[in-house]
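*Asks:*
Numbering (our numbering), first residue to last: 2 to 432.
1) Would you call residue 199 buried or exposed, if buried means 16 or more other Cβ atoms sit within 10 Å of its Cβ?
2) With a threshold of 16 other CB atoms inside 10 Å of the CB of residue 409, please say whether the residue is buried or exposed.
3) Go through the stretch 113 to 144 residue by residue and report every complete run of the alpha helix (DSSP H) that reaches 4 residues or more, in order.
4) Can you tell me whether residue 184 is buried or exposed? The criterion is at least 16 other CB atoms within 10 Å of its CB, across all chains shown.
5) If we count the other Cβ atoms within 10 Å of its Cβ and call it buried at 16 or more, is residue 70 buried or exposed?
6) Do you know offhand how far residue 318's Cα is from residue 329's?
7) Using the Cα positions of residue 162 and residue 196, report the straight-line distance between them to the nearest angstrom.
8) Taking the alpha-carbon positions, what's the residue 155 to residue 101 distance?
9) Can you give the Cα-Cα distance for residue 179 and residue 152, rounded to whole angstroms?
10) Does the beta-carbon distance from residue 93 to residue 86 come in below 8 Å?
11) Near residue 144, what residues of its chain come up, given a Cβ to Cβ distance below 7 Å and the 5 sequence neighbours on each side ignored?
12) Check whether the stretch 236 to 243 and the stretch 202 to 210 are in contact - that is, three or more C-beta pairs closer than 8 Å.
13) Would you call residue 423 buried or exposed, if buried means 16 or more other Cβ atoms sit within 10 Å of its Cβ?
14) In angstroms with no decimal places, state the Cα-to-Cα distance between residue 316 and residue 354.
15) Going along the chain, which residues of its own chain have a beta-carbon closer than 7 Å to the beta-carbon of residue 370, five neighbours each way excluded?
16) Check this for me: beta carbons of residue 123 and residue 130, under 8 Å apart or not?
17) Apart from the five residues on each side of it in sequence, which residues of its chain come closer than 7 Å, Cβ to Cβ, to residue 362?
18) Pull up the CB-CB distance for residue 95 and residue 107, whole angstroms please, since I reckon it's below 8 Å.
19) Which residue wins for smallest C-alpha separation from residue 175, given the options 83, 5 and 395?
20) Work out the CA separation of residue 268 and residue 257 for me, nearest whole Å.
21) What residue range does the beta strand (DSSP E) around residue 411 cover?
22) Residue 331 to residue 394, Cα distance in whole Å?
23) In the structure shown, what three-state DSSP assignment does residue 243 receive?
24) Quick one: what's got a C-beta closer than 6 Å to residue 398's C-beta in the same chain, skipping five residues either side?
25) Can you check whether the CB of residue 115 is closer than 8 Å to the CB of residue 141?
26) Compare the beta carbon distance of residue 356 and residue 270 with 8 Å and say whether it is the shorter of the two.
27) If you measure between the beta carbons of residue 262 and residue 273, is that distance less than 8 Å?
28) Tell me which same chain residues have a C-beta within less than 8 Å of the C-beta of residue 75, skipping the five on either side of it?
29) Just to confirm, are residue 413 and residue 367 a CB contact at a threshold of 8 Å?
30) Looking at residue 127 and residue 160, is the spacing between their C-beta atoms short of 8 Å?
31) Whole beta strand (DSSP E) runs in the stretch 155 to 224 with 3 or more residues, listed along the chain?
32) According to DSSP, simplified to helix, strand and coil, what is residue 318?
33) Do residue 307 and residue 347 have their beta-carbon atoms positioned less than 8 Å apart in this structure?
34) Taking the alpha-carbon positions, what's the residue 186 to residue 97 distance?
35) What residues are listed by DSSP as bridge partners for residue 368?
36) Along the chain, where does the beta strand (DSSP E) containing residue 94 start, and where does it finish?
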């Protein structure tokens, strides 16, 4: 017979509950999928952020960055193998690898359309092959390589810098399982990060080469200046002394004049000896090794005051107990060059030298109130001296500022960071 009204209502209740249960399961599965998607996105963001962190903290360590890129790419894109190839002439050189294949870093493969990596570089686009071993006609070299190594699905994305390919990043799977659009896009992000690292390394290398070139030029200019001094001052002085002594031998003076002539020659010998000592001191300041930076600069100031009449006020404060030899030589040379410039060019009667230490650096200030100059138009010896000072400071990672203008005096400020290698420090004797 017909169902009772109560039974119909009960059936409707069961049906409603079934709908609720089905909807709950659907919502739960949707929530699970959304959670997986969010977790996957978070992992991807963490991976790319970690690579950017490595790039920012180690901008010159290219290999470390590339190793991190291939590891993250393999893990986050679900590949069993990942590799980065850099363009090297007509070949692609393996620069980084992660996975079980273990090819030798430095391996060269041709830039050819018959390989997935080569075609990606030549066509400057992502190349995605679902089953590479079966694509012998389209990718003859790549297909043979895949059959030999046992991988199937392969994806290569080019590394592009200013519209030109500089390499490629490649993922491989051992089964036929094409990469998703999200994974392709993620690999493109990793490719962009690899390009940033490669470009940073290239720019740093160029900067190093430029700095080395400038330093060599400054050293060459210094060598030429010393050669000129040897020829013009010492060479000519010795030649003149030789002539006078030869005349003295050929035509000896009367007995009452002999002593005066000998005293004259002796004074010239002492002058030449002083010039040799001065040049030797400029080549390598032995007082710096013996006395330390503070005492050596103090002695330099007294010597220049005594010999040239420039009154120099020297003060120092909170100097560290030990200073690296490179830092000490750098600051001493700058003090030497700065004060000699003041003597030769400024016409100043007074100058100040201030040496001050902080927790992480040493600063040197040299101030004179002479005629000043335009730093943008320095030429000749002064220009070479400024170049030498800048290169010395740049070599130690420091900073130098020159503030001067015609009739406005000159203020030279240098800041050099302290090194932390105790084995390379020079003790500073108490003053």
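Glycine is no exception: its CB is placed at the ideal position from the N, C-alpha and C atoms.
*Replies:* Per the coordinate set shown:
1) Along the chain shown, read from residue 1 onward, the residue named residue 199 stands at position 198. It counts as buried.
2) What you label residue 409 is simply residue 408 of the chain shown in a count that begins at 1. Classification of residue 409: exposed, given that the 10 Å Cβ count is below 16.
3) 117 to 124
4) Taking the first residue of the chain shown as position 1, residue 184 is located at position 183. Residue 184 is buried by the Cβ-count criterion.
5) By one-based count along the chain shown, residue 70 stands at place 69. It is buried - the Cβ of residue 70 has at least 16 other Cβ atoms within 10 Å.
6) By 1-based counting over the chain shown, the position of residue 318 is 317. By 1-based counting over the chain shown, the position of residue 329 is 328. Taking the straight line joining both Cα atoms gives about 15 Å.
7) For the purposes of this step, residue 162 is taken as the residue at position 161 of the chain shown. For the purposes of this step, residue 196 is taken as the residue at position 195 of the chain shown. In a straight line, the C-alpha of residue 162 is about 7 Å away from that of residue 196.
8) For the purposes of this step, residue 155 is taken as residue 154 along the chain shown, with counting starting at 1. For the purposes of this step, residue 101 is taken as residue 100 along the chain shown, with counting starting at 1. Cα-Cα distance, rounded: 15 Å.
9) Here the question's residue 179 lines up with position 178 in the chain shown. Here the question's residue 152 lines up with position 151 in the chain shown. Residue 179 and residue 152: Cα-Cα distance of roughly 12 Å.
10) Start at 1 with the first residue of the chain shown, and residue 93 comes out as number 92. Start at 1 with the first residue of the chain shown, and residue 86 comes out as number 85. For residue 93 and residue 86, yes; Cβs fall inside 8 Å.
11) Residue numbering aside, residue 144 sits at position 143 when the chain shown is read from its first letter. 133, 134, 136 and 137, listed in sequence order.
12) no
13) To locate residue 423, count along the chain shown from 1; it is residue 422. In this prediction, residue 423 scores a pLDDT of 36, lower than 50, which makes its location untrustworthy; the coordinate-derived value is nonetheless stated afterwards. Answer is exposed; the Cβ neighbour count stays below 16.
14) Along the chain shown, read from residue 1 onward, the residue named residue 316 stands at position 315. Along the chain shown, read from residue 1 onward, the residue named residue 354 stands at position 353. Near 6 Å, if we compare the C-alpha coordinates of residue 354 and residue 316.
15) Counting from one through the chain shown, the residue named residue 370 turns up at place 369. Cβ neighbours of residue 370 beyond the five flanking positions: 349, 351 and 410.
16) Against the chain shown, residue 123 aligns to sequence position 122. Against the chain shown, residue 130 aligns to sequence position 129. The answer is no: Cβ separation not under 8 Å.
17) To locate residue 362, count along the chain shown from 1; it is residue 361. So the list reads 416, 417, 418 and 419, once near-sequence residues are dropped.
18) Counting from 1 along the chain shown, the entry for residue 95 is found at position 94. Counting from 1 along the chain shown, the entry for residue 107 is found at position 106. Their Cβ separation, rounded to whole angstroms, is 6 Å, which keeps residue 95 and residue 107 in contact under 8 Å.
19) Position 174 of the chain shown, counted from the start, is the residue given in the question as residue 175. Closest option to residue 175, Cα to Cα, is 83.
20) Translated into the one-based positions of the chain shown, residue 257 becomes position 256. Translated into the one-based positions of the chain shown, residue 268 becomes position 267. Going by the C-alpha atoms only, they are around 18 Å apart.
21) Along the chain shown, one-based indexing puts residue 411 at 410. Counting along the chain, the beta strand (DSSP E) containing residue 411 begins and ends at 411 to 418.
22) For the purposes of this step, residue 331 is identified with residue 330 of the chain shown, where counting begins at 1. For the purposes of this step, residue 394 is identified with residue 393 of the chain shown, where counting begins at 1. Their backbone Cα atoms lie some 7 Å apart in a straight line.
23) Here residue 243 is taken as the residue at index 242 of the chain shown, counted from 1. DSSP places residue 243 in helix when its eight states are reduced to three.
24) Within the chain shown, residue 398 is the residue found at index 397, counting from 1. Correct list, in chain order: 418.
25) Against the chain shown, residue 141 aligns to sequence position 140. Against the chain shown, residue 115 aligns to sequence position 114. Closer than 8 Å, so yes.
26) Walking along the chain shown from the start, residue 356 turns up at place 355. Walking along the chain shown from the start, residue 270 turns up at place 269. Not in contact: residue 356 and residue 270 (Cβ atoms no closer than 8 Å).
27) By one-based count along the chain shown, residue 262 stands at place 261. By one-based count along the chain shown, residue 273 stands at place 272. No, these two residues do not count as a Cβ contact at 8 Å.
28) Against the chain shown, residue 75 aligns to sequence position 74. Same-chain partners within the cutoff: 81, 82, 83, 99, 100 and 172.
29) In the chain shown, residue 413 corresponds to position 412, counting from 1. In the chain shown, residue 367 corresponds to position 366, counting from 1. Their beta carbons are under 8 Å apart, which means residue 413 touches residue 367 by this criterion.
30) Taking the first residue of the chain shown as 1, we reach residue 160 at position 159. Taking the first residue of the chain shown as 1, we reach residue 127 at position 126. Result no, Cβ atoms of residue 160 and residue 127 do not sit closer than 8 Å.
31) 155 to 162 and 165 to 173
32) For this step, residue 318 is matched to residue 317 along the chain shown. Note: residue 318 maps to strand in three-state DSSP.
33) Locating residue 347 in the chain shown gives position 346, counting from the first residue. Locating residue 307 in the chain shown gives position 306, counting from the first residue. No. Outside cutoff.
34) Here residue 186 is taken as the residue at index 185 of the chain shown, counted from 1. Here residue 97 is taken as the residue at index 96 of the chain shown, counted from 1. Roughly 20 Å separates the two Cα atoms.
35) As a working mapping, residue 368 is identified with position 367 in the chain shown. BP columns for residue 368 point to 353 and 412.
36) Locating residue 94 in the chain shown gives position 93, counting from the first residue. From DSSP, the beta strand (DSSP E) with residue 94 extends over 92 to 99.
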